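In what follows, a structure is listed as structure tokens, so that the remarks can point back to it.
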Amino acid sequence: MITVLVADDQAMIRAGLAALIAAQPDLQVVGEAADGLEAVVAARDLRPDVVLMDVRMPNLDGLEATRRITGAGGDSKVLILTTFDIDDYVYAALRGGASGFLLKDAPSADLITAVRVIAAGEALLAPSVTRRLIEEFAARQPIDQREALRLNALTPRELDVLRLVASGLANAEIAGELTIAEETVKSHVGRIFTKLGLRDRAQAVVLAYESGLVVAGNPSSGARRGSRLRS
2 MITVLVADDQ AMIRAGLAAL IAAQPDLQVV GEAADGLEAV VAARDLRPDV VLMDVRMPNL
62 DGLEATRRIT GAGGDSKVLI LTTFDIDDYV YAALRGGASG FLLKDAPSAD LITAVRVIAA
122 GEALLAPSVT RRLIEEFAAR QPIDQREALR LNALTPRELD VLRLVASGLA NAEIAGELTI
182 AEETVKSHVG RIFTKLGLRD RAQAVVLAYE SGLVVAGNPS SGARRGSRLR S
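Residue numbers (the numbering used here): 2 to 232.
Right under this line is the structure:
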């Protein structure tokens, strides 16, 4: 059973989301929050698997609430709900630990799938959309040298895997690209997360772009750029 906390300042939206989730046999709503402060407290007390987080809320916005929830050391993953697909707040939330985002007008089936995907930690939600958002904002700033230095902890093969993760590929697709077993890819991904202190693929994509491992508009440059960073 996947437990879910719904955080939105509009009562009707909270009720609609809660009803949709409760109708699924494998999902359970364990709480609701009307603002960011309530979301942080509820996440701490209820320890849900997934928090559906609105971006703009009173008292404490979804960005800071996400940072506090993911920074508390628990296992709760945050799925950002937003009206706009290109939004400074959404990018900052991804950098702050959110596992992905979804537009509020997305079909109900997409929301249910998103909750399951985020809870399982299998893949970044809507990689093409999320990657576009990350590229949009990563391209505005210089390479973060501190993030680049973190990549020195990775082997050349792990850099290849991280580049492909940042390209939105699932483990099976990465296995085909590198001609290795899917279980081997899973092992590489696990070691990458451990070495770099990452929670999930969303953080991996942000790091890949901000470190310069992957260049906005040219994801295929990753492995070569990474090799130069190690020299």
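Each residue gets a CB set at the ideal place from its N, CA and C atoms; glycine is no exception.
The model shown is predicted, which means the values in this text are computed figures rather than measured ones.
CB-CB length for residue i against residue j, believed under 8 angstroms
i	j	result
Val31	Thr67	Val31 to Thr67, Cβ: 18 angstroms. No contact.
Ala35	Asp10	6 angstroms
Val166	Val190	7 angstroms
Leu6	Leu47	6 angstroms
Asp201	Lys78	7 angstroms
Thr71	Gly98	3 angstroms
Val207	Arg96	5 angstroms
Ala8	Val52	6 angstroms
Leu80	Ile119	5 angstroms
Nearest neighbour of residue i, chosen from the options [CA to CA]
i	options	result
Glu33	Ala24, Ala43, Pro26, Ile175	Ala43
Pro49	Asn153, Arg117, Val186	Arg117
Thr195	Arg164, Glu184, Leu155	Leu155
Nearest-angstrom Cα separation, counted from residue j out to residue i
i	j	result
Glu136	Tyr210	7 angstroms
Gly75	Arg141	32 angstroms
Ala173	Leu64	32 angstroms
Ser100	Ala176	23 angstroms
Met58	Pro26	30 angstroms
Gly213	Leu179	21 angstroms
Arg225	Glu184	Note that Arg225 scores a pLDDT of 38, beneath 50, so its modelled location is shaky; the value from the coordinates is reported in the next line. Distance between the alpha carbons of Arg225 and Glu184: 24 angstroms.
Ala20	Ala149	44 angstroms
6 angstroms Cβ shell around residue i - same chain, five flanking residues per side excluded
i	result
Arg158	none
Ala203	Leu95, Ser100, Gly101, Leu125
Tyr90	Val56, Leu64
Ala40	Ala8, Ala34, Ala66
Cut-off 8 angstroms between Cβ atoms - residues of its own chain near residue i, not counting five sequence neighbours on either side
i	result
Leu199	Ile193, Ala205, Leu208
Met2	Asp27, Leu28, Gln29
Original post:
Would you call the region 135 to 155 and the region 103 to 112 in contact, with 3 or more CB pairs under 8 angstroms?
Top reply: Short answer: they don't touch.
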